[in-house]
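The numbering of the sequence shown is the numbering used here, which starts it at 2 and goes up by one.
Idealized CB from N, CA, C, for every residue including glycine.
Treat the numbers as computed from the prediction; the structure is a model and nothing was measured.
Take a look at the structure set out below.
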Amino acid sequence: MQDATEIEVVRPDGRIVGDSGFGSYGEEVRQIRSANGTVTDVWFAGMKMTSERKLERELKKRYGKR
Numbered sequence: 002m003q004d005a006t007e008i009e010v011v012r013p014d015g016r017i018v019g020d021s022g023f024g025s026y027g028e029e030v031r032q033i034r035s036a037n038g039t040v041t042d043v044w045f046a047g048m049k050m051t052s053e054r055k056l057e058r059e060l061k062k063r064y065g066k067r
């Protein structure tokens, strides 16, 4: 954890302010919320992170059941 990414929180989002030499210094971090306020996705330096369940639904919709 010595090289853990440091995020400066700027409500409601954040920005990466401390990172290793291969990291994403200065990139945005933000949460996507549903209508009721639940966090549904997190964007971290241009990468969308979502729950496994949501990803499964999205893949089945896109490619069908296999």
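Item: Closest to D4 by CA distance: which of G24, V30, I33, P13 is it?; Value: G24
Item: Can you find at least 3 beta carbon pairs, one from the stretch 30 to 46 and one from the stretch 5 to 19, that sit closer than 8 Å?; Value: yes
Item: Is K49 helix, strand or coil when you go by DSSP?; Value: strand
Item: Leaving out the 5 sequence neighbours to the left and right, which residues in its chain are closer than 7 Å to V43 when beta-carbon positions are compared?; Value: Q32, M50
Item: Looking at the unbroken beta strand (DSSP E) that takes in E7, where does it start and where does it end?; Value: 7 to 11
Item: Mind checking whether S21 and T39 have CB atoms under 9 Å apart?; Value: no
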